[in-house]
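In the working numbering, the protein residues as written are -9 to 109. Yeah, the Cβ is synthetic: ideal placement off N, Cα and C, and Gly gets one too. In what follows, a single structure is set out as structure tokens and then discussed.
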Amino acid sequence: LRDFASQPATHTQLVLLSVHDTSIFMTLNALGHDGESAGDWPPHTSSIAIELLSDNSIRVVYQFEPILFNGSERQPLDIFLQRLDRLSLTDEEHARRCHALAVGGNNSDCEGAVFKWGA
């Protein structure tokens, strides 16, 4: 998102990603989602839309309903990224955790079990 915010509006307008329900659940928790469905496992075909607005604020929509941040639908980009940084792992930390799972005999779907934000 930092990269998109720094680009002119003529660049990429839409990015679609597909993730597992575990990633949706962790993202909602990191964002502090406390709506009606807070704490519930995401239903099949769940969706989160993260919109980067022209004023470099973020709007997040879960299941077609906006997530509120302190009563507002918008949140500054830097605050939003700080919330998601709670889930972020360095490549080294990710490798260390996957190695620990492999040694323990259970490394199936390691990439899906750890949410990585960024490149």
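> Unbroken alpha helix (DSSP H) runs of length 4 or more, entirely within the segment 48 to 80: which are they?
Replying inline: 67 to 74
Length of the line joining the Cα atoms of Asn46 and Ala20 = Residue mapping note: residue 46 aligns to position 56 of the sequence shown, counting from 1. Residue mapping note: residue 20 aligns to position 30 of the sequence shown, counting from 1. Roughly 20 Å between the two C-alpha positions.
Please go through the same chain and pick out, in chain order, the residues whose beta-carbon is closer than 6 Å to the beta-carbon of Glu63, but skip the five residues on each side of it.
The residue given as residue 63 occupies position 73 in the sequence shown. If we look at Glu63 and ignore the five residues flanking it on each side, its Cβ neighbours are Arg49 and Pro56.
Notebook entry, point to check: For Leu18, which three-state DSSP category applies?
Noted result: As a first step, residue 18 must be located in the sequence shown, where it is residue number 28. DSSP places Leu18 in helix when its eight states are reduced to three.
Notebook entry, point to check: Which residues in the same chain as Phe70 place their Cβ atom closer than 7 Å to its Cβ, once the five residues preceding and following it in sequence are excluded?
Noted result: As a first step, residue 70 must be located in the sequence shown, where it is residue number 80. These residues qualify, in order along the chain: Ile48.
Point to revise | Residue range of the beta strand (DSSP E) that includes Leu42 | key: Within the sequence shown, numbered from 1, the residue matching residue 42 stands at position 52. Counting along the chain, the beta strand (DSSP E) containing Leu42 begins and ends at Ile38 to Leu42.
State yes or no: is the C-beta of Ile14 within less than 7 Å of the C-beta of Pro32? In the sequence shown, counting from the first residue as 1, residue 14 sits at position 24. In the sequence shown, counting from the first residue as 1, residue 32 sits at position 42. Their beta carbons are under 7 Å apart, which means Ile14 touches Pro32 by this criterion.
- Item | Exposure label - Gln72; buried when at least 16 CB within 10 Å | Counted from its first residue, the sequence shown places residue 72 at position 82. Counting Cβ neighbours within 10 Å, Gln72 comes out exposed, since fewer than 16 surround it.
Under a three-way DSSP split, which group does Thr12 fall into? Taking the sequence shown and counting its residues from 1, one reaches residue 12 at position 22. Residue state, collapsed to three classes: helix.
What is the rounded straight-line gap between the Cα of Asp30 and the Cα of Glu82? As a position in the sequence shown, residue 30 is number 40, starting the count at 1. As a position in the sequence shown, residue 82 is number 92, starting the count at 1. When rounded, the distance between both Cα atoms is 32 Å.
Quick check: the Cα distance between Ser44 and Tyr52, rounded to an integer number of angstroms?
If you number the sequence shown from 1, residue 44 lands on position 54. If you number the sequence shown from 1, residue 52 lands on position 62. Roughly 20 Å between the two C-alpha positions.
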